[in-house]
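This report concerns only the one structure given below.
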Amino acid sequence: MALENSVLPTRPDSLSLPVDEKGEGEKVEVATEVTASTGVFNLSEELGHVVTTETAPSPPPPVKEKRSFQNKLAEREAQANNQQPRKKTQGTEKERGRFGWVRTRRKRQRYVEKNGRCNVQHGNMRETYRYLTDIFTTLVDLNWRCSLFVFVMAYAVTWLFFGAIWYLIAYCRGDLDHLEDETWTPCVNNVNSFISAFLFSIETETTIGYGHRVITDQCPVGTMLLLLQAILGSMVNAFMVGCMFVKISQPNKRAETLVFSKHAVISLRDDKLCLMFRVGDLRSSHIVGANMRAKLIKSKQTQEGEFIPLDQTDISVGFETGDDRLFLVSPLVISHEIDTHSPFWDMSQGQLEKEDFEIVVILEGMVEATGMTCQARSSYLAEEVMWGHRFSPMMSLAEGFFDIDYGAFHHTFEVDTPSCSARELSLAAARLDAHLYWSISSRLDEEPTLTNQAAKQPDSGSANSKGGEPTFIVGEMTDIQEQTGLGELNGSVATDQSESEA
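Heads up, the sequence shown is in the numbering used here, so the first residue is 2 and it goes up one at a time.
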């Protein structure tokens, strides 16, 4: 009876296959080619040999070999052991599919990039007119290419617009027809073409005044236009120069010199698991009133079944104690204690490798030079959090000052850290404290006995005792000590009664 499609998960060395002979000088052909991807064998007891079934559409023909099956299995196991293990690439995890195919899990999309840029784009916005109501902020938020284009076009359009009006006035008054007539008084002297009118518009708006082209008193329309262009030109100057000044002095450029460590670490601090990252300021001018915040970005599902994508959970970095307010003169290590209120309370080292979240850190403060508020951002994915590491020290004492080596800013080193979660670590510490408490209290609750110093020194007698003061001994007593103590106690009671009767 044949056992078909039997899977052999292990290959013991003691596996022996019977081979029967059909006749003299005739050997049974054994198909020993086994595919590496499948371990399916068909064992036949009647035929006394092994037949391998290939899963490929066109199985190769059996190969005649004189080597035993055990030797071939040993060779395959040696080849499998010699293969180098695959290195786990950061950010992608390779998993096995249903049929053994390798599939790569998609890397998590960052919510905030490492440089602080928020990776969010707003689409399908129908109320775009709201951007025009706040035109100043809209122009400031434009990139430099668009800002320079708007800056140039604002002046060029106004110059061309008023140049065309000056040329239209000259054309309507007939100044262009009396260019050679010296008795004719034009609206603007020496305006004989559109180019000359355009140059006069530039001189008027920029208040240059070369003196060759000048308005006369015989043109009231030109006088009103001159006043209008001067007022409008001042408004354009103030608006565009203000936009460029604000854009140049934006505080986000100050954030370029605020650096965060490439990785966050989890290790013990004062016997408590803490999530830590490092922040530093490269400039000598300080950030006034620096404040640190942290957010956990992770999708979750509520008890009612509502799915919340990219839910934000606050991570305490010392708000209750005031440790979130930084004096950022030298690089600091920001610590988050993983306690019962922390979202990492139940997370262990093994679970951290399977989690999919993002930690966004935000540093806010006021620039000392300009007084403007500055904000620097960064983020850490789950694979960028290193369990059991600590940041390397980077400060040393030099002659008269403290020297900071920024070459070690991102360096970490491994330390002994338990791989369990903070909850399990807290329960283990609580059990240890409870064990110590009950062991001490059990000793204190033992029955105290009264002994006399004479019991310890029987030769000295009762006269050597200090005033007959009883001695308390915690622990077991012998029968002699117990009897002595009780006798002395009864004697003292009898003496008190006789004195009271007398």
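Using N, Cα and C, we set each Cβ at its ideal position, and we do this for glycine too.
Which of the three DSSP states, helix, strand or coil, is assigned to residue i?
| i | result |
| --- | --- |
| Leu140 | helix |
| Pro310 | strand |
| Ile405 | strand |
| Leu329 | coil |
| Ile316 | coil |
| Thr54 | The predicted model places Thr54 with a pLDDT of 43, which falls under 50 and marks its position as unreliable; any figure quoted below should be read in that light. Of the three classes helix, strand and coil, the one that applies to Thr54 here is coil, per DSSP. |
| Asp282 | strand |
| Gln352 | helix |
| Met236 | helix |
| Val416 | coil |
| Phe162 | helix |
| Thr134 | helix |
| Val242 | helix |
| Ile360 | strand |
| Gln91 | In this prediction, Gln91 scores a pLDDT of 42, lower than 50, which makes its location untrustworthy; the coordinate-derived value is nonetheless stated afterwards. Three-state result, Gln91: coil. |
| Ile249 | helix |
| Lys263 | coil |
| Phe392 | strand |
| Asp432 | Note that residue 432 is Arg in the sequence shown here, rather than Asp. Helix. |
| Ser379 | strand |
| Met552 | In the structure as shown, the chain begins at 2 and stops at 503. Residue 552 is therefore absent and cannot be evaluated. |
| Met154 | helix |
| Lys254 | helix |
Using a threshold of 8 angstroms, state whether the C-beta atoms of residue i and residue j are closer than that.
| i | j | result |
| --- | --- | --- |
| Gly351 | Ser420 | yes |
| Val362 | Phe240 | no |
| Gly319 | Phe410 | no |
| Leu177 | Ala171 | yes |
| Val242 | Thr159 | no |
| Arg378 | Val113 | yes |
| Tyr407 | Met395 | yes |
| Ile339 | Ala295 | no |
| Ile216 | Cys173 | no |
| Val289 | Met367 | yes |
| Asn190 | Ser197 | no |
| Phe414 | His390 | yes |
| Ser285 | Thr371 | no |
| Glu206 | Phe163 | yes |
| Asn292 | Glu384 | no |
| Cys375 | Pro252 | yes |
| Val386 | Leu333 | no |
What's the gap between the Cα of residue i and the Cα of residue j?
| i | j | result |
| --- | --- | --- |
| Cys119 | Arg111 | 9 angstroms |
| Ala430 | His287 | 42 angstroms |
| Ile335 | Leu426 | 22 angstroms |
| Asp182 | Gly175 | 11 angstroms |
| Ile316 | Leu274 | 14 angstroms |
| Glu356 | Phe246 | 45 angstroms |
| Arg270 | Leu428 | 17 angstroms |
| Ser300 | Met348 | 16 angstroms |
| Asn144 | Ser422 | 46 angstroms |
| Asp142 | Arg326 | 29 angstroms |
| Leu227 | Asp218 | 12 angstroms |
Is it the case that the CB of residue i approaches a heavy atom of the ligand SAM more closely than 7 angstroms?
| i | result |
| --- | --- |
| Gln352 | For the structure depicted, the ligand SAM is absent and the ligand set is empty, with no information on it obtainable. |
How close, in whole Å, do the beta carbons of residue i and residue j come, if the pair is a contact with beta carbons under 8 angstroms?
| i | j | result |
| --- | --- | --- |
| Gly117 | Ala265 | With 8 angstroms as the limit, Gly117 and Ala265 do not qualify as a contact, their Cβ atoms being about 16 angstroms apart. |
| Lys248 | Ser148 | 6 angstroms |
| His337 | Leu276 | 4 angstroms |
| Pro344 | Thr314 | 5 angstroms |
(request) Report yes or no: do three or more beta-carbon pairs, one from the segment 164–174 and one from the segment 190–210, lie closer than 8 angstroms? (result) yes
(message) Can you confirm whether the segment 401–415 touches the segment 133–151 when touching is taken to mean that 3 or more C-beta pairs between the two stretches lie within less than 8 angstroms?
(response) no
(message) I want to know whether the segment 293–310 touches the segment 250–265 - three or more CB-CB distances under 8 angstroms.
(response) Cβ pair count under 8 angstroms is below three, so no.
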